[in-house]
Amino acid sequence: MEDVDIRLEGIWKTYGEVQALKGVNIEISGGCITSILGPSGCGKTTLLKIIAGLIEPDRGRVYFNGDDYTHVPPEKRGAGIVFQDLALFPHMNVYDNVAFGLRARHINEAEIKNRVYRIMAMLGLDPQEYVNRRINELSGGQQQRVALARALILEPRVLLLDEPLAHLDYKVKQKLLMELRGLQRRLGITTVYVTHDQYEAMSLSDYIAILNDGKLIQYGSPRDIYENPENLATAFFFGDANIIDSQAVGLGNNGYLIVRFEDVLINSIHEADISLEGIIDDIIFQGPLIRVDVKINGNGIVVRALTTRKDQTAKQLRVGDKVAVGWKLSDAKILRGGD
Numbered sequence: 352m353e354d355v356d357i358r359l360e361g362i363w364k365t366y367g368e369v370q371a372l373k374g375v376n377i378e379i380s381g382g383c384i385t386s387i388l389g390p391s392g393c394g395k396t397t398l399l400k401i402i403a404g405l406i407e408p409d410r411g412r413v414y415f416n417g418d419d420y421t422h423v424p425p426e427k428r429g430a431g432i433v434f435q436d437l438a439l440f441p442h443m444n445v446y447d448n449v450a451f452g453l454r455a456r457h458i459n460e461a462e463i464k465n466r467v468y469r470i471m472a473m474l475g476l477d478p479q480e481y482v483n484r485r486i487n488e489l490s491g492g493q494q495q496r497v498a499l500a501r502a503l504i505l506e507p508r509v510l511l512l513d514e515p516l517a518h519l520d521y522k523v524k525q526k527l528l529m530e531l532r533g534l535q536r537r538l539g540i541t542t543v544y545v546t547h548d549q550y551e552a553m554s555l556s557d558y559i560a561i562l563n564d565g566k567l568i569q570y571g572s573p574r575d576i577y578e579n580p581e582n583l584a585t586a587f588f589f590g591d592a593n594i595i596d597s598q599a600v601g602l603g604n605n606g607y608l609i610v611r612f613e614d615v616l617i618n619s620i621h622e623a624d625i626s627l628e629g630i631i632d633d634i635i636f637q638g639p640l641i642r643v644d645v646k647i648n649g650n651g652i653v654v655r656a657l658t659t660r661k662d663q664t665a666k667q668l669r670v671g672d673k674v675a676v677g678w679k680l681s682d683a684k685i686l687r688g689g690d
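Counting from 352, one number per residue, gives the positions in the sequence shown under the numbering used here.
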């Protein structure tokens with residue numbers, strides 16, 4: 352499979368009075384999964400459609416492997432696309448849905464059958480069992496596999512996925528995420544995945560581009576972004592973090608302190624560089640994890656800590672208990688208010 356590097360330079364797009372994209376610059380590495388992550392309305396789908404060639408930017412350029420593709424029509428970009436609604440044809444059976452693109456290219460039927468059966472098997476759909484089924488006879492996960500098969504059967508250079516798992520339940524979504532990750536590793540196809548779900552992006556991606564209000568606010572590996580948010584918007588949106596005014600913890604008017612929930616220590620003051628006293632406001636059981644919310648004395652700030660359900664200290668905690676919370680300075684990051 353060809354590695355296709357995608358470069359977006361200064362992408363602007365406006366719909367009426369709404370600026371959907373504001374000078375976005377991204378370099379998407381070939382052969383990797385890059386997620387475009389952000390809240391609803393931040394410009395994610397618009398950016399994906401510009402990569403696909405379905406719409407053109409008002410300003411800026413799109414490059415595939417260094418070649419200017421800004422005005423190249425979608426059918427000549429070699430992109431396979433799966434949208435949130437999947438766009439499967441309800442009046443066709445599974446076989447005809449998957450074969451649709453090949454027939455449009457006038458491939459002979461023997462070759463079509465061979466490729467349909469091969470791609471269905473690759474995606475965990477037994478051809479003997481599923482080729483004659485109607486779309487409404489399939490589960491959500493099976494419909495997702497059919498949509499992926501229809502996109503991949505054309506052997507695209509780039510795979511573009513727009514919230515494809517949004518309507519699936521948690522268990523099915525997790526299973527398909529891992530299947531999609533494994534499939535991409537085997538095929539080595541450059542994949543761009545749009546989502547508003549941070550945990551989906553973290554689980555799947557080699558790289559993540561975070562959009563907010565039409566702007567790229569951070570780009571990097573999931574671990575790098577999680578451990579080193581560059582601005583308050585990223586810290587607030589990506590992962591769970593306490594965002595605390597630095598004056599409230601005696602660090603002067605430096606901005607805001609970012610401390611991940613799991614880096615907060617409870618009643619372990621000897622290990623902490625900064626410690627605060629408070630009262631447990633809530634304890635929330637989350638299966639393997641327990642979240643403890645502590646209201647700090649005197650200023651009303653709530654500091655949230657995350658620990659495992661097997662933590663012996665956490666097992667003894669009760670709402671209303673007086674506790675000390677703290678953290679190491681090496682586990683915190685200071686950001687200015689304007690960052």
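Think of the CB as a built atom: it goes at the ideal place given N, C-alpha and C, for glycine as much as any other residue. Here the structure is a predicted model, which is why all the values come from computation and not from measurement.
Considered as a whole, the region 459-488 harbours 460-473 and 478-481 as its complete alpha helix (DSSP H) runs of no fewer than 4 residues, in chain order. Taken through DSSP and simplified to helix, strand or coil, ASP557 comes out as coil.
In the three-state DSSP reduction, SER626 falls in the strand class (E or B). Of all alpha-carbon atoms in LEU528, ILE647, ILE685 and ARG496, the one lying nearest the alpha-carbon of GLY603 is that of ILE685. A buried status is given to VAL433, since no fewer than 16 other beta-carbon atoms sit within 10 Å of its beta-carbon. If you look at LEU505, you'll find it isn't in any alpha helix (DSSP H); DSSP assigns it neither H nor E. If you draw a straight line from the Cα of ASN487 to the Cα of PHE440, it comes to about 10 Å. Under the rule that a run must span 4 or more residues, the alpha helix (DSSP H) segments found entirely inside the region 554-593 read 573-578 and 583-588. Cβ-Cβ distances below 8 Å link ILE620 to SER626, ALA675 and GLY677 in the same chain, with the five nearest sequence neighbours on each side left out; the list follows chain order. Within the DSSP bridge table, the entry for PHE636 names ILE641 as partners. For the pair ILE576 and ASN444, the Cα-to-Cα distance works out to about 43 Å.
Under the Cβ criterion (8 Å, minimum of three pairs), the region 503-521 counts as touching the region 382-402.
When the five nearest sequence neighbours on each side are left out, the beta carbons in the same chain lying within less than 7 Å of the beta carbon of THR546 are those of SER386, LEU388, GLU514 and ALA552, in order along the chain. Contact check between the region 645-654 and the region 548-566: fewer than three CB pairs, one atom from each, fall below 8 Å, which does not count as touching. About 7 Å separates the beta carbon of PHE612 from that of ALA592, a gap short enough to meet the 8 Å contact definition.
In the structure shown, GLY606 adopts coil according to DSSP, grouped into three states. Here DSSP, grouped into helix, strand and coil, assigns PHE415 to strand.
The criterion of a C-beta distance shorter than 9 Å is not satisfied by ILE609 and ASP672. With contacts defined by Cβ atoms closer than 9 Å, GLY429 and GLY374 do not form a contacting pair. Under the three-state reduction of DSSP, ILE387 is assigned to strand. Distance from the CA of GLU581 to the CA of GLN569, rounded to the nearest whole angstrom, comes to 7 Å. With a 10 Å radius around the Cβ and a threshold of 16 neighbouring Cβ atoms, GLY361 comes out exposed. Only residues of its own chain outside the window of five on either side were considered, and among them GLY381 and ASN416 have a CB closer than 6 Å to the CB of ASP356, listed in chain order.
Taking all protein chains shown into account, ILE641 has 16 or more neighbouring C-beta atoms within 10 Å of its C-beta and is therefore buried. A straight line joining the alpha-carbon of TYR481 with that of TYR446 spans about 8 Å. Per the coordinates, the alpha-carbon of PRO573 lies some 19 Å from the alpha-carbon of LEU527.
DSSP places ASN448 within a helical segment (H, G or I) once states are collapsed to three.
The beta carbon of ASP682 lies closer than 8 Å to those of VAL610, ARG611 and ASP614 in the same chain, with the five residues before and after it left out.
Taking the C-beta atoms as reference points, VAL543 is found no nearer than 9 Å to ALA500. A straight line joining the alpha-carbon of GLY452 with that of GLN494 spans about 17 Å. With a contact defined as Cβ atoms closer than 8 Å, TYR558 and CYS383 qualify at about 6 Å.
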